[in-house]
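A.B. asks: Have a look at this one.
Protein chains: 4
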Amino acid sequence: MKSSVKVAIVGASGYSGEELVRLLLRHPHVELAAVTSRQHAGQTLAQIFPKHGNDPRAKQLRFTDPNPELLAKCAQVVFLALPHGVAAEFAVPLLEKGCQVIDLSADFRLKSAEVYKEFYGHDHASPDLLSKSVYGLPEIYREQIKSATFIASPGCYPTSILLPTLPLLREKIVKSTGIIADSLSGVSGAGRKAEIDYLFVECNESARPYGVPKHRHLSEIEQELSLAAGEAVTIQFTPHLIPVNRGICSTLYLAPEKHFENPAEMASLAERIAKCYQSAYGNEPFVRLLEGKALPDTKNVVGTNVVEIAWRLDPRTGRLIVMSALDNVVKGASGQAVQSLNISCGFPETAGLT
Amino acid sequence: MKSSVKVAIVGASGYSGEELVRLLLRHPHVELAAVTSRQHAGQTLAQIFPKHGNDPRAKQLRFTDPNPELLAKCAQVVFLALPHGVAAEFAVPLLEKGCQVIDLSADFRLKSAEVYKEFYGHDHASPDLLSKSVYGLPEIYREQIKSATFIASPGCYPTSILLPTLPLLREKIVKSTGIIADSLSGVSGAGRKAEIDYLFVECNESARPYGVPKHRHLSEIEQELSLAAGEAVTIQFTPHLIPVNRGICSTLYLAPEKHFENPAEMASLAERIAKCYQSAYGNEPFVRLLEGKALPDTKNVVGTNVVEIAWRLDPRTGRLIVMSALDNVVKGASGQAVQSLNISCGFPETAGLT
Amino acid sequence: MKSSVKVAIVGASGYSGEELVRLLLRHPHVELAAVTSRQHAGQTLAQIFPKHGNDPRAKQLRFTDPNPELLAKCAQVVFLALPHGVAAEFAVPLLEKGCQVIDLSADFRLKSAEVYKEFYGHDHASPDLLSKSVYGLPEIYREQIKSATFIASPGCYPTSILLPTLPLLREKIVKSTGIIADSLSGVSGAGRKAEIDYLFVECNESARPYGVPKHRHLSEIEQELSLAAGEAVTIQFTPHLIPVNRGICSTLYLAPEKHFENPAEMASLAERIAKCYQSAYGNEPFVRLLEGKALPDTKNVVGTNVVEIAWRLDPRTGRLIVMSALDNVVKGASGQAVQSLNISCGFPETAGLT
Amino acid sequence: MKSSVKVAIVGASGYSGEELVRLLLRHPHVELAAVTSRQHAGQTLAQIFPKHGNDPRAKQLRFTDPNPELLAKCAQVVFLALPHGVAAEFAVPLLEKGCQVIDLSADFRLKSAEVYKEFYGHDHASPDLLSKSVYGLPEIYREQIKSATFIASPGCYPTSILLPTLPLLREKIVKSTGIIADSLSGVSGAGRKAEIDYLFVECNESARPYGVPKHRHLSEIEQELSLAAGEAVTIQFTPHLIPVNRGICSTLYLAPEKHFENPAEMASLAERIAKCYQSAYGNEPFVRLLEGKALPDTKNVVGTNVVEIAWRLDPRTGRLIVMSALDNVVKGASGQAVQSLNISCGFPETAGLT
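Top to bottom, those sequences are chains F, R, V and A.
For what it's worth, our numbering labels the leading residue of the first sequence as 22, then goes sequentially.
For what it's worth, our numbering labels the leading residue of the second sequence as 22, then goes sequentially.
For what it's worth, our numbering labels the leading residue of the third sequence as 22, then goes sequentially.
For what it's worth, our numbering labels the leading residue of the fourth sequence as 22, then goes sequentially.
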């Protein structure tokens, strides 16, 4: 374990970048060495993010134009908090110069350049690199993250859907067909972009589905579900925009592999599900398996790296309903990326995250 | 057609009651003759609802204690905007005295006293009356409403789920099995009750499922779906609470009766669905069938009696996704009740509602 | 009185324009003849404003590019709902061609081109016209509005501050010096502009002052206060942005002209104030003088053309506190403009506004 | 300096209590030894506060009925997070048994039993103790807090008003007369009470003044202003409720002691004000003096113990406008109480607060 590591953030002025700044400024093993933003180059972190105005490092550190050469000189680890499609430009030169790269965009999450093209509408800029990145979902890929130099950190919706589903698929408790994920997201998920659709007045007092029926995140969700199931999985996914700053609440509709016909069979299945989750996540610091009557609520996870999970068997329909809640900017983005950093650097996994 | 009718509202201080007051004060064919509220008896409408403070009738009309005998003397039509379980007490004597009763509670929506007991946990107070009420969903039961003296106005979730689904089931375009309804509701749906769970701080910046897996509204939803399908229908329904005052957004997952295998079959199915909706709702004043890329958004229906409906076929999963949005207090409660009043009194159906 | 009038809206896609559309579509004496928007030219009202999707006129009427010549041919009255500085371009040719013009921008509210330059930073484009416009505050300038062909409709903050203050100044009940107005505004006040500052995430869970100490609206507020006082008035005004869609809540700190020293003097002053307001607004359809313990609340006026006013004398400080609430898009903009239309056309003043 | 201290929280289920739990669970020098709540006695912290569900201490620690004797046995410091009027019951026995008491209620903030009666409407239960408590505003009373055994932690509004005003009054930069404080508060300020007025639907999309003109907090504000001014000070204070969970934004209207007549005098006064604040708060860890064009925004302080302060001189009116923002539950309540704990125990003042 290193005692500390120098890190840089490329694209530090969006919501994910800002959250990385917050987390890394107080991280006990991190020295924030550089932050980039074309728009804010020359200004200090404290000037752009008033909430960090009292932090000595934030008063001193200035945004720079992003330059892979200079970044590689001052940082061992570089976080890319860039729009989809832009991250590839930086990942290649930074990796070549020996930096560890943790990419928060979707650019390197997929293993197939073909699937990338299908969902993102254009050829991938660096298809060779697709096989080199590790999908940074620590609860699933912890071993691979330990030695990874290139981590593609998962999306917010995928994290909220994959963590509740993967253990059940791997243990073949639920069928790999017919899966439905219905998700609600806070507006920060749209990024800090000046678009009419995300103005306060357009979002407040509004609830609406969007991206129906083929949202881009389906590609990475199905990739990971397929790996867990050992066969190709296609799911239904409907995202909705709701008027909260942060938070994703996902409700998953799953079919148990073995139908239950009576209370005894239901109890036995329930026990198997409970064990499955307990075995998968019982010791995970950032998964909270709810008990009793508790159901997930985004307000209980906002600002934290925790994902809440609860489930119910429905004797009327024979289905398993699994519900999750997480903070899209923390466990769904920047917190999870820091969790990967901790694992790969040998820091305590919760460092800077509690 | 009568030129005007005298109406009373029992339980006028909750959110549905307050909305009835708003709608009926400006209704061209209604004279608001009485409003009751034990809590506010003796005070004027204008005192309790400051927003009606400039309305001459609201300055004059005082809340009274609810008394069926007196109500029957001054009103031809009585709206019951009472908690579940309480409406029965008033419906019986008012009907006996010859009033038309429009009940906004769930007390008389079910046809089966057994199902009532299963979902509401106690015996029904007036099981004989269950067969006498008409389910007040005008787009489906307009003919029955015309001559009804006892109308059980539908719930908010049921309206948002039934209107998009019933035509498809009746025409056997979708299967009656495997239906899933995932709904988001504003906080007014919980009523004006002093409970910690519905405080601003507990709801703001929160998104959460509740009532999983067996919400009471399932009983009336399944009753109506079964009637349309001609066989018993059991569905999955998950309500969520989101931080808006008003609005329900429902996303429905349906399986087409006939699987489509290629773009031509999909186009043909799409045409059939479009025709089905057009035929069912093309002339309905309060249903908006969205076209092109438009998807429902609660902000476009709040304050109106309109339900928005849009749908998508998903070639990847073979499913039909139908989405709806309505105002839970208007089309989901008081507006729909006024629509029934208009129909049964022979007023223009949109009177007081546009 | 004309039985009906043809009107056009220039700049119908912003929040004020959209509200004008809503009000004029249902106005009993108005035929909405044209709506312009460079961005949406060629599309129907129903396509751009889904909430009007069921309105027959909205399905038919298409946005056009703004062209004064064509507008003058099809409309007798033209509303300008344009950004400050742009309205002048249209007002001049439209007036020349004989249209009545009701301008919602700040371009013609000031009588002095000098003051305009001081507050808006550039020379006025048509200084000659400044003397020809009538300040469209009906409660104050009703007589002038009756015969006006050019109406400069007041701003939202000014309306919320002027209506509570003018009668007291005119009757010399309060001093014209030392006036402080502290105002809270919903985000729609910033217009439908794609700017980071007004994104949902930047406004939600935020309360902040802005434009301190010299907001542009001060110019028209002070102009009107000075006219009422008969001497130059300079006030303190601090606007704040709060996370609501609509609504302005203003709290005004005023010094009674005659200091009160004991309860009897206070009672006598209170009586004078009550009479002053009663005499000024007792018969006004859109002013609600609150009684008893009631205080203004934006939620009681949103969606209406009403301004609520309440006041308190403070025996501890000797001050008079006056509080008001209105909907910035209705009484603060489009509703007030329609009220002026009604007055000038001889329609009932409340037509289309209740 | 002790290495660690055992603390108890009486009344841990309200918003202040819950925030104390959050702060103390992660405080490096605190062992949370007991939490009381009549309502939740027997349940663990993790059960009642799901957001702490992963914290080992929260899973273990159970709420108990409040019993001074038992509390005194297990804790050296006891925080009272109780409604006004109830705290006195606990303070007396706990102090007698040798505990340090940090009271978050208003019960012991006033030095005069007479003023208490005037503002709270009943006799004080333990008037003798009033002289023994220290007003726990660390930036002002740090020396007294160091050795205090009984700390009355300030209210949220008072903190937001006193910190910006006291240095100016002490240095006689502003007059002690004519001060106006106009404040906006989030709904958590009303406490976790099941009252209709604080339901989501009643607060969302609402902005309203309340408690005009004599809010209880005036008593402690004026007590402290008078001490700083060296003479009796009476101010005007208007609180408003706005739809945010947390945050107070105060705008203060002050009259400079020496009127400025020209830009040079204004610049000289500005310099004096800047120096005054710099000298008072330049080294304070929890005061952020904003620079340049920045103005306070509650979203930049929520969740932190920081108060933001900015000011403007207005050459038009001669007034000084000072604006502040803080989190009412942190710097306005629990965070400030922990800051006092740190000072009195000799811990680093920022321990557990950054």
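A virtual CB, placed ideally from N, CA and C, is assigned to each residue, including glycine.
At a cut of 8 Å, does the segment 183 to 193 of chain R reach the segment 158 to 178 of chain A through at least three beta carbon pairs?
C.D. replies: No, they do not touch.
A.B. asks: For chain V, is any of its Cβ atoms less than 8 Å away from the one on Asn266/A?
C.D. replies: With 8 Å as the cut-off, Asn266/A counts as an interface residue toward chain V.
A.B. asks: Taking beta-carbon pairs under 9 Å, can you tell me which members of the segment 213 to 234 of chain A lie near chain F?
C.D. replies: Result list: Asn225, Glu226.
A.B. asks: Taking Tyr274/R as part of the beta strand (DSSP E), name the residues at either end of that continuous run.
C.D. replies: Per DSSP, Tyr274/R belongs to the beta strand (DSSP E) from 269 to 275.
A.B. asks: Tell me, please, whether the CB atom of Met344/R is closer than 8 Å to any CB atom in chain F?
C.D. replies: Yes - at least one Cβ of chain F is within 8 Å of the one on Met344/R.
A.B. asks: Nearest chain A C-beta to Val350/F closer than 8 Å, yes or no?
C.D. replies: No, Val350/F does not count as interfacial toward chain A.
A.B. asks: Can you name the residues that DSSP bridges to Ser206/V?
C.D. replies: In the DSSP output, where bridge partners are listed per residue, Ser206/V has Leu262/V, Ile269/V.
A.B. asks: Please go through the segment 100 to 133 of chain R and give each complete beta strand (DSSP E) segment of 3 or more residues, from N-terminal end onward.
C.D. replies: DSSP runs (the beta strand (DSSP E)) wholly in the segment 100 to 133 of chain R: 121 to 124.
A.B. asks: Please name the residue in Thr325/V, Arg83/V, Ile69/V, Gly142/V whose C-alpha comes closest to that of Ile269/V.
C.D. replies: The residue with the shortest Cα to Cα distance from Ile269/V is Thr325/V.
A.B. asks: Check each candidate in Cys297/A, Gly157/A, His105/A, Leu158/A and name the one with the smallest Cα separation from Lys138/A.
C.D. replies: Among Cys297/A, Gly157/A, His105/A, Leu158/A, the Cα nearest to that of Lys138/A belongs to His105/A.
A.B. asks: Could you give the distance in angstroms between the alpha-carbon of Phe10/V and the alpha-carbon of Gln68/V?
C.D. replies: As displayed, chain V neither begins before 22 nor continues past 375, which places residue 10/V out of reach and without an answer.
A.B. asks: Curious, which full-length beta strand (DSSP E) runs of at least 3 residues does the segment 293 to 343 of chain A contain?
C.D. replies: Within the segment 293 to 343 of chain A, the complete beta strand (DSSP E) runs of at least 3 residues are 308 to 310, 328 to 334.
A.B. asks: Below 7 Å on C-beta distance, what does Lys320/R contact in chain F?
C.D. replies: What Lys320/R touches in chain F: Glu226, Ser227.
A.B. asks: Where do the N-terminal and C-terminal ends of the beta strand (DSSP E) with Lys27/V fall, by residue?
C.D. replies: Per DSSP, Lys27/V belongs to the beta strand (DSSP E) from 26 to 31.
A.B. asks: Among Glu305/A, Pro317/A, Ser25/A, whose alpha-carbon lies nearest the alpha-carbon of Leu158/A?
C.D. replies: Considering only alpha carbons, the answer is Glu305/A.
A.B. asks: Once DSSP output is grouped into helix, strand and coil, what is the label at Ala173/F?
C.D. replies: Ala173/F: strand per DSSP, three-state reduction.
A.B. asks: The beta strand (DSSP E) that contains Val195/V, what's its start and end?
C.D. replies: Element bounds for Val195/V: n/a, residue is neither H nor E.
A.B. asks: What are the uninterrupted segments assigned as alpha helix (DSSP H) that are 4 or more residues long and contained completely in the segment 30 to 78 of chain F, given in chain order?
C.D. replies: Those alpha helix (DSSP H) runs which fall completely within the segment 30 to 78 of chain F and span 4+ residues are 36 to 46, 66 to 69.
A.B. asks: In the DSSP assignment, find the alpha helix (DSSP H) that holds Arg163/F and state where it starts and stops.
C.D. replies: Looking at the DSSP string, the run of the alpha helix (DSSP H) that includes Arg163/F is 159 to 167.
A.B. asks: In the DSSP assignment, the alpha helix (DSSP H) including Gln360/F goes from what residue to what residue?
C.D. replies: Unbroken alpha helix (DSSP H) run through Gln360/F: 356 to 366.
A.B. asks: Strictly under 8 Å for the Cβ-Cβ distance: is Pro277/F near chain R by that measure?
C.D. replies: No, no contact with chain R.
A.B. asks: Quick one: give me the first and last residue of the alpha helix (DSSP H) that Pro89/V is part of.
C.D. replies: Pro89/V -> alpha helix (DSSP H) spans 89 to 95.
A.B. asks: Answer with yes or no whether the minimum CB distance from Val327/V to chain A is below 8 Å.
C.D. replies: Not closer than 8 Å to any Cβ of chain A, the Cβ of Val327/V fails to qualify, so no.
A.B. asks: Using DSSP with H/G/I as helix, E/B as strand and the rest coil, what is Ser152/R?
C.D. replies: Of the three classes helix, strand and coil, the one that applies to Ser152/R here is helix, per DSSP.
A.B. asks: What residues from chain A crowd round Arg309/F, counting only those whose CB sits closer than 7 Å?
C.D. replies: Near Arg309/F (Cβ distances below 7 Å), the residues of chain A are Gly74, Asn75.
A.B. asks: Since I believe Thr65/A is in contact with Gln257/V (beta carbons under 8 Å), could you give me their beta-carbon distance rounded to a whole number of angstroms?
C.D. replies: Wrong, their Cβ atoms sit about 53 Å apart, outside the cutoff.
A.B. asks: Who are the neighbours of Ser209/A on chain R, taking C-beta pairs under 7 Å?
C.D. replies: In chain order: Val222.
A.B. asks: Out of Ile330/F, Ser25/F, Asn88/F, Thr180/F, which has the shortest C-alpha to C-alpha gap to Leu45/F?
C.D. replies: For the residues Ile330/F, Ser25/F, Asn88/F, Thr180/F, the minimum Cα distance to Leu45/F belongs to Ser25/F.
A.B. asks: Looking at the unbroken alpha helix (DSSP H) that takes in Gly249/R, where does it start and where does it end?
C.D. replies: Before going further, note that residue 249/R is Ala rather than Gly in the sequence given. 239 to 250 is the extent of the alpha helix (DSSP H) around Ala249/R.
A.B. asks: Please report the residue range of the alpha helix (DSSP H) in which Val222/R lies.
C.D. replies: Start and end: 221 to 224.
A.B. asks: Is Ala96/F close to chain A, meaning its C-beta is less than 8 Å from at least one C-beta of that chain?
C.D. replies: By this cut-off, Ala96/F is not an interface position.
A.B. asks: Which residue's Cα is closest to the Cα of Leu246/R: Lys279/R, Leu190/R, Asn321/R, Glu329/R?
C.D. replies: Closest option to Leu246/R, Cα to Cα, is Leu190/R.
A.B. asks: Hey, is Thr319/A close to the ligand SAM, as in C-beta under 7 Å from one of its heavy atoms?
C.D. replies: Within the structure as shown, the ligand SAM is missing, as the structure has no ligands at all.
A.B. asks: Find the residues of chain A that neighbour Pro87/F, judging by a C-beta separation of less than 7 Å, and give them in chain order.
C.D. replies: Ordered by position in chain A, no residue passes the 7 Å Cβ test against Pro87/F, which lies about 26 Å from the chain.
A.B. asks: Counting only Cβ pairs nearer than 8 Å, list the residues of chain F close to Pro306/A.
C.D. replies: What Pro306/A touches in chain F: Asn75.
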